[in-house]
Structures are given as C-alpha cells and as structure tokens.
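Before any comments, here is the structure.
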Amino acid sequence: MRQEKGMIAWAKSRKGQQFFTIVGFMIIPLALLLIFTYFPFAEMVKFSFYKMKYTTPVDRRVFVGWQNYLDVFRRKDCFGALKLSIYYMVGAILQLFLALYLATILSFKVKGGNLFKGLMFFPYLINGIAIGFIFKFFYTRGFVFDTVLTWCGFDPANLPYWLKDQAVNNWALVGTSVWRYLGQAMVLFVGAIMSVDAGMYEAAELDGANKFQIFRYIILPSIKTIVTLNVILSITGSLSAFEQPFVITSGANGTGTYFVIMNKIAHTSQKVGLASAMAVVLLLIIFACTILQKLFFKYIFRNADAEDESYAAKKQRKKQEKALVKAAKLEGKKV
Amino acid sequence: MKKRRVLAALLAAVMAFGVTACGSSSGKKSGSTKGSDTKDLSYANIELGKDYTDLKANITMFNHRTDMDSDDYGGKNWKQYLADFNKMYPNIKVDITTDTNYADDALTHLQSGDYETIMMIPAVDKADLSNYFISYGDIDTMQKEINYANTWMYDGEVYGVPSTATTQGIVYNKKVFEQAGIKEVPKTPEEFINALKAIKEKTKAIPLYTNYAAGWTMGAWDAYIGINATGSTKYMNQEFLHAKDPFKDYGDGTHPYSVYKILYDATAQKLIEDDYTTTDWEGSKTKLNNGEIGCMALGSWAYPQMEAAGKNSDDIGYMPFPITVDGKQYALCGADYSFGINVNASDDEKAAAMVFVKWMTEKSGFSYNEDGLPIDASTTDTKLDFSGVELLQDDPAVEGEEDLLNNLNSDSELNINAGGNDKIQAIIEHAANGDKSFDDIMKEWNEAWSSAQETEGVEVK
Numbered sequence: 001m002r003q004e005k006g007m008i009a010w011a012k013s014r015k016g017q018q019f020f021t022i023v024g025f026m027i028i029p030l031a032l033l034l035i036f037t038y039f040p041f042a043e044m045v046k047f048s049f050y051k052m053k054y055t056t057p058v059d060r061r062v063f064v065g066w067q068n069y070l071d072v073f074r075r076k077d078c079f080g081a082l083k084l085s086i087y088y089m090v091g092a093i094l095q096l097f098l099a100l101y102l103a104t105i106l107s108f109k110v111k112g113g114n115l116f117k118g119l120m121f122f123p124y125l126i127n128g129i130a131i132g133f134i135f136k137f138f139y140t141r142g143f144v145f146d147t148v149l150t151w152c153g154f155d156p157a158n159l160p161y162w163l164k165d166q167a168v169n170n171w172a173l174v175g176t177s178v179w180r181y182l183g184q185a186m187v188l189f190v191g192a193i194m195s196v197d198a199g200m201y202e203a204a205e206l207d208g209a210n211k212f213q214i215f216r217y218i219i220l221p222s223i224k225t226i227v228t229l230n231v232i233l234s235i236t237g238s239l240s241a242f243e244q245p246f247v248i249t250s251g252a253n254g255t256g257t258y259f260v261i262m263n264k265i266a267h268t269s270q271k272v273g274l275a276s277a278m279a280v281v282l283l284l285i286i287f288a289c290t291i292l293q294k295l296f297f298k299y300i301f302r303n304a305d306a307e308d309e310s311y312a313a314k315k316q317r318k319k320q321e322k323a324l325v326k327a328a329k330l331e332g333k334k335v
Numbered sequence: 336m337k338k339r340r341v342l343a344a345l346l347a348a349v350m351a352f353g354v355t356a357c358g359s360s361s362g363k364k365s366g367s368t369k370g371s372d373t374k375d376l377s378y379a380n381i382e383l384g385k386d387y388t389d390l391k392a393n394i395t396m397f398n399h400r401t402d403m404d405s406d407d408y409g410g411k412n413w414k415q416y417l418a419d420f421n422k423m424y425p426n427i428k429v430d431i432t433t434d435t436n437y438a439d440d441a442l443t444h445l446q447s448g449d450y451e452t453i454m455m456i457p458a459v460d461k462a463d464l465s466n467y468f469i470s471y472g473d474i475d476t477m478q479k480e481i482n483y484a485n486t487w488m489y490d491g492e493v494y495g496v497p498s499t500a501t502t503q504g505i506v507y508n509k510k511v512f513e514q515a516g517i518k519e520v521p522k523t524p525e526e527f528i529n530a531l532k533a534i535k536e537k538t539k540a541i542p543l544y545t546n547y548a549a550g551w552t553m554g555a556w557d558a559y560i561g562i563n564a565t566g567s568t569k570y571m572n573q574e575f576l577h578a579k580d581p582f583k584d585y586g587d588g589t590h591p592y593s594v595y596k597i598l599y600d601a602t603a604q605k606l607i608e609d610d611y612t613t614t615d616w617e618g619s620k621t622k623l624n625n626g627e628i629g630c631m632a633l634g635s636w637a638y639p640q641m642e643a644a645g646k647n648s649d650d651i652g653y654m655p656f657p658i659t660v661d662g663k664q665y666a667l668c669g670a671d672y673s674f675g676i677n678v679n680a681s682d683d684e685k686a687a688a689m690v691f692v693k694w695m696t697e698k699s700g701f702s703y704n705e706d707g708l709p710i711d712a713s714t715t716d717t718k719l720d721f722s723g724v725e726l727l728q729d730d731p732a733v734e735g736e737e738d739l740l741n742n743l744n745s746d747s748e749l750n751i752n753a754g755g756n757d758k759i760q761a762i763i764e765h766a767a768n769g770d771k772s773f774d775d776i777m778k779e780w781n782e783a784w785s786s787a788q789e790t791e792g793v794e795v796k
C-alpha cells in the first residue's frame, strides 16, 4: 500500500511528470523506428540463414546455417559483381573533383553563375527511370553520342558500340551516373563554401595568397565536413549502384552490379535467403568503408584549432617522446 | 497541467487508432458474403437478342487494353464494340476503364472489395475465385459453350470466360520473305536459318530481331520448349521436371536444345540486329510492319500489334515455330485474360454483365479481330493460318508436383517460363562474343538443372 502511494506521489512529482512527458513524446518515434526499421532488418538477418521463397510458409523454411553466406563468397556472380563497383568508384572520385572545382568557381562572382548552377543541378531533378531511357537512346548506334563525336571528327566506323562492347559499356553507365549526381554534389559544395567568412579571403589576399592557396588553406578546411559527407555518399552510392544498369541494360552483358544481381536472385529466382545474405554482406562492407574513410579524413585534414592532431604532427610527437625515453634509459645506464 | 493534457491526447490518439483498425476489418467481411442468390443465372441459358432485352443496367469493365481506348487504334476499338453491343441491348450501358499496369492494379481493385462489374481475372488463387467472381455454370455445360473452359475452373465451376486465345509461333513479314525467295515457311531449324541467311543476302531487312534489351522478349523463347519442340502435352509440366539433362542434344532437331540453338546460330552468323543492346520494343513493331525486320519470335498476341503499327498490315504473317517432330508441327495454345463477373454486384448488374460477356464471345468477333483462336465452341474462325499444325494445351502437373517446377526454377536459377530473361540474353552475348560454345552453355544448364533436381529430391528418369 505504502509503496503504491509512493509511486503515485512520484508520478505526481516534478520528476515523475518529466519522466512521463519524455516517454510520451518518445514512444511514437521510437516505435516507428523499431517497427519499420530495426524489426524488418532483424527479420532480414534471420532470412539470411534460411532457404526460402517469399511465399514459403514459416514452417516450411529450411534452416541452412552459414550456407548462404558461403555462397555469397563462392559464387562468381555474387561477390564478383562488386568488381563493377570499382568503375563507379572511379567515376565517383572524378565526380567529386569536378564538383568541387565547379563549386569553387561558381561561389565567386561569375557571369550567369545561377544559370550554370541551375543547368548543372537540373539532371538530378529528372526521374532516374527517365534518365535511363534518355541514355539508352543517347548510346544507341548512330544516335546522339555517335553524332556528336562525328562532328568532333571521329570516324563513326571506328566508334565502339557503347552498350554492346563489354570493354566500354560499364564506363558508359558510369558516365550516366556522373552526369546525374554531379549537380547534387556541386550544390552541396556551393552551399558550404558560401558559409565561409568572406573576410578571410580579404585577409588572405592582403597576405599575398594566390587563388589556389586560398582554396587549399581556407576553403577546403572550412568545408571538410561536407567533403567527407560527399565522399561517404558517393562511395556508398557506387557500392550500391542500381538504377543505371537496371534501366539501361537490365544488368545484362556484364553490367550486373551487386544490387542488380541481388534483385534478380531475390525476385526472379526467389532465393530470399541468399539475397538477404548478400544484403548483410554489403552492409558490412559499407560499414567497413565508412570507418576507413573516417580514419583517413581524420589524418588528412589539418585544422589549426581541431583537437585531433594531424598524422605528421602525431608522428613527430611520438618520435620526440621515443627519443626522450631513449635518452632517459641511456642516462639510467650511465648512472 | 499542460503536460498531462498532452499525455491524455496521446492516449486518446492511440486508442482511436485501435478502434479504427478494428472497424475496418469488420467492415470488409460484410461486403463479400452476398452473391450466391443468383443461381438461376447461367451462361448457357442466355439467348442473345431474346433474353434480358428490357434489362436496364449500368455496368463497368476494367481491362488491360489501353490501346483499344484510343481512336487511333488500328483495329476495332472499345467504342465501336460498345456501339455494336448497344444496337442489340440499348439499355445496358457499359463503362470501360483500361490500365497500363493492369496485372498489379487489378489485384489492388479486388483487394479493396470495391471493383468493377466485369474484370479481366488477374493472378488470383483458384481457391479464392468464388470470393470475387460468380460462376458461369459447371464445367460440363461450359465446355459445350466455350473452348478453354478449364482456365479458371475450381471445384467444377467455371469463373472465367477467356476474351481470346493465343498460340506460340513466329511473327514475320511476308513481303520480306518473298523478296528473299522463300516460297514455303521454314519447318525445321536448318530451313529457318537458311531462310534468315537468304533474307540477309537478298534484302536490306534484319532477318531476326531479338529485342534483347527489353528482357521479357528473351524469356519468351522458353514458351517454345514444350509442345512446340516435343509435340507432347505432358512434357512441360511433367516429363521436363524428371528429365535427365533436358537440355542435351537429341540429335533430331527437337527438344529445348534445338529451340535455343536457333537463337545462338542466328546470332553467331550475324543474322540478328547489329547492336542488340539498344533495341527498342515499340520501334520494332513499326520496323516489322515496314519490312525493315524479317521476323521476331513472339506469341500470337503480338500479331495484331504488328499489324496495327503501320500501313502494311497485309504484309504481316504468323507462322508456326520451325521445329518438326516426326514430320508434324505442333503449337502451344492457351487462353488470354478471362472475363470475370463481380460477385458483389446487384442481380441486374450480374445479368447485364453476363449478357455482355456472352455477346463479346459469340457476336462481337473480338477474338477473330484480335487474331486470336476462337473461344466460342461453335466456330473455328481465325486469321491464324496454322493448317496442318496441331494446337495443344499443356497438361497440368501431376498431383503433389504443382509447385515442383517453381522450386526447380528457383534452385537452378534458370527460371524457365518465369522471367528467366538473363539466361537467354547470355546466349546472345556468348554467341556474339564467341567466348563460349552453345554445347558448353547447355552443359551448364544441365548441371544447374540436375543439381536442382537433387536438392528437391526429384526422381530422374
């Protein structure tokens, strides 16, 4: 009885009210998160240990242990498909440099700057499926791309078949992807560069810094968060490239990326367990990539007032410490 | 105090949510229990032009033929059919809605409980048919009235009347074949490849257009491996499942091997389009119509579309697949989408709908106009010239093996007749790049099939 009274008193107290309010507010977002994100994910992880189709009733699913994971690594078409991501990563790096370059130029006063920004952002607004269809015609023999190249003096007979020739078709697809996402990366950079204090440029110019030095020592360190973000987004994006190969070539002719293969295995062949295992493996790879990038950027950006030291500084300090210890040891021996 | 109010509001919201959730599930049930009160309505007993002529009803129909909605449609469009129907039944108004994404949207309509009076029956389980549609009559009576009566049969009752029926063969341009000096349609793989070669030499047309890029047009090749390639109604759903190495070379130009070999040989000898990766399905129809393409391997459903794609509809022809089994050609035939009548409709609407379906089948000429095989059992009118070709339907799987083909497809990842487009695309890739022989491809398929049979514990004969 007493305890109950205590509970009620607590519930009526300021602390108790605080507790209930917090729970009351959090319960809906938490429930949504758990039900629609973590619960399905846990289910998927569970599926990855079974041999099953979507329609297989629960009691007829066969537990196969790690078999699906072994298959992911053993099968040529599953893990081998990740090789295609290298094409997209090269494209992504190219895209980042290009975007950073254009963004830096466009952040200063340029004639028609807004028009250029608009034109370059425009592809991102088009639906991915539509882009697929546009580029299918773009790359068709004797159509847009071939015509343009002929204008530039190329002999049409020597041009490759952009989507048929397996030596170039993945590059053609990567080109499409760069065309689409370049504008988005650029706009993110422009936004970040705009927020740099203009007084810094003036000060730098007074000190005699040239444009490259301004970029290297003022702009780049100021926007490092956005650079990191963009790199992570584009690496993740290239690991999970899907739209372009799916729409333009339907993953045929050696363009089946990891996601396209996964989709085929899950939906056409109905091997849900194997596809789930592929998804889990990809997730782990993306985790690993993200962590590696974080570590990499920690060392690459030197910032005067950042708490973490640069790699070179750390090396220097370690060296000094070591020397001190050595010296102390020597001293000790002498004594 | 404010905090308490928020909490109360939250609780109220949660409770309200619970209440509405219950409400909707109980509301659904009451909708589907009607229906069985129209036992005297039967397809066989309706006499068109005499019965129900005074009936006044507004009914709706939902279907997949968006092209027939348009005034530009090359054949007879929906408007013209309805005008003809209203000459006989002026008081029955039919409102037709069409949809490009029919197969999926139709299921959504059904699940919502509020759907059109007449629907083309989408992929529902046969056991659920009676929840959605009314019976036209029992199977024995219906078999006297229509062909393919068993398409949507469950428990001896027939729930669907096919709109038309199609067969499997090759759609071609007669003029191109004539120009190439081909007098008789090829009947064996060798004759076919020779014909393609003649087309390449003597005309400017692309002999065989694969439509590689569209994907599903590749999977369509699977349709020929059953009856067309073996002449056996038991092959596809029974023998194939138990066959040892079904993709091996039988040496007599039959069986699946010969079907896919035609494609491989045609590609290797450059008898297909130059850049197969950028083919365009819509454009291919016009090209076939204009004589820029010799032929395409597609079901007869594609025949009217090719005719409608340009001015030269008379040039288009449809021939049996070039495989001869023991001196005879066979072709697989089967029903297209079937008309189903809404079980929740009022009695008048049901009667009006059944009148319309019977009129569509017997009087409209729909199946004939759409180059299909006859549905009405009392006629043999069709534009398809398949004389001398035996039209057959696949026997169903034996009891207990209904899911076996699906399981083998899944395990082997060959997905025969189930969206396995990539394996056939790969045939073209290997043939064009010359990096794998046809026998090696078939060997791989045999291995995949055998290992799937092993996984499923299938007895191999």
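Protein chains in written order, with the numbering used here: chain A, 1 to 335; chain B, 336 to 796. Just so you know, even glycine gets a beta-carbon here, dropped at the ideal spot from N, CA and C. Note that the coordinates shown come from a computational prediction; the quantities given were computed from them, not determined experimentally.
Flag this pair as yes or no: are the beta carbons of residue i and residue j separated by less than 8 Å?
{"i": "B:G504", "j": "B:S635", "result": "yes"}
{"i": "B:Y544", "j": "B:E608", "result": "yes"}
{"i": "A:F143", "j": "A:F135", "result": "no"}
{"i": "B:L464", "j": "B:K698", "result": "no"}
{"i": "B:T659", "j": "B:K522", "result": "yes"}
{"i": "B:K796", "j": "B:K579", "result": "yes"}
{"i": "A:S240", "j": "A:F259", "result": "yes"}
{"i": "A:Q244", "j": "A:T176", "result": "yes"}
{"i": "B:I751", "j": "B:D557", "result": "yes"}
{"i": "B:Y378", "j": "B:Y483", "result": "no"}
{"i": "B:N756", "j": "B:W616", "result": "no"}
{"i": "B:G707", "j": "B:T501", "result": "yes"}
{"i": "B:A687", "j": "B:L390", "result": "yes"}
{"i": "B:T476", "j": "B:I710", "result": "no"}
{"i": "B:N826", "j": "B:Y665", "result": "No answer is possible for residue 826 of chain B: it lies beyond the span of chain B, which begins at 336 and ends at 796."}
Could you tell me how far apart the beta carbons of residue i and residue j are, in whole angstroms, since I believe they sit closer than 8 Å?
{"i": "B:A306", "j": "B:P457", "result": "Since the first residue of chain B shown is 336 and the last is 796, residue 306 of chain B is not available in this structure."}
{"i": "A:Y69", "j": "A:V281", "result": "7 Å"}
{"i": "B:C668", "j": "B:L727", "result": "7 Å"}
{"i": "B:Y672", "j": "B:L719", "result": "Contact doesn't hold; Cβ gap of about 18 Å is too wide."}
Bridge partners for residue i per DSSP, in chain order?
{"i": "B:L726", "result": "B:A666"}
{"i": "A:K322", "result": "None, per the DSSP bridge assignment."}
{"i": "A:Y50", "result": "A:F63"}
{"i": "B:C630", "result": "B:Y507 and B:L543"}
{"i": "B:T501", "result": "B:G669"}
So, for residue i: in the same chain, excluding its five sequence neighbours on each side, which residues have a beta-carbon less than 7 Å away from its beta-carbon?
{"i": "A:G113", "result": "L106"}
{"i": "B:I776", "result": "I762 and H765"}
{"i": "B:L606", "result": "L531, K532, K535, P542 and L543"}
{"i": "B:G554", "result": "G754, G755, N756 and I759"}
{"i": "B:N546", "result": "T552, T614, W616, S619 and M631"}
Can you name, in chain order, every residue of its own chain whose Cβ lies under 8 Å from the Cβ of residue i, other than the five neighbours on each side?
{"i": "A:Y353", "result": "Residue 353 of chain A lies beyond the residue range present for chain A, which begins at 1 and ends at 335; the question has no answer from this structure."}
{"i": "A:V335", "result": "Low confidence applies to A:V335: its pLDDT is 46, below 50, so where it sits in the model is not reliable, and the reading given next is rough at best. No residues qualify anywhere along the chain."}
Measure from the alpha carbon of residue i to the alpha carbon of each residue in the options, then state which is nearest.
{"i": "B:G675", "options": "B:N426, B:F468 and B:Y585", "result": "B:F468"}
{"i": "B:T715", "options": "B:T696, B:D774 and B:A753", "result": "B:T696"}
{"i": "B:D738", "options": "A:P40, A:F20 and A:T56", "result": "A:T56"}
{"i": "B:D774", "options": "B:E705, B:F582 and B:V793", "result": "B:F582"}
{"i": "B:M454", "options": "B:Y471, B:A462 and B:T432", "result": "B:T432"}
{"i": "B:T452", "options": "B:Q446, B:M488 and B:M396", "result": "B:M396"}
{"i": "B:V459", "options": "B:D475, B:D406, B:K479 and B:M488", "result": "B:M488"}
{"i": "B:D430", "options": "B:A787, B:D439 and B:F420", "result": "B:F420"}
{"i": "A:N158", "options": "A:R141, A:Q166, A:N170 and A:A172", "result": "A:R141"}
{"i": "B:L442", "options": "B:S747, B:N398, B:S785 and B:V493", "result": "B:N398"}
{"i": "B:N800", "options": "A:G183, A:D197, A:T255 and A:H267", "result": "As displayed, chain B neither begins before 336 nor continues past 796, which places residue 800 of chain B out of reach and without an answer."}
For residue i, which residues from the same chain have a beta carbon less than 6 Å from its beta carbon, with the 5 sequence-adjacent residues on both sides left out?
{"i": "A:P160", "result": "V168"}
{"i": "B:D650", "result": "N508, K509 and K510"}
{"i": "A:V174", "result": "Y87, Y88 and G91"}
{"i": "B:N412", "result": "M403"}
{"i": "A:V187", "result": "F121"}
{"i": "B:N393", "result": "K428"}
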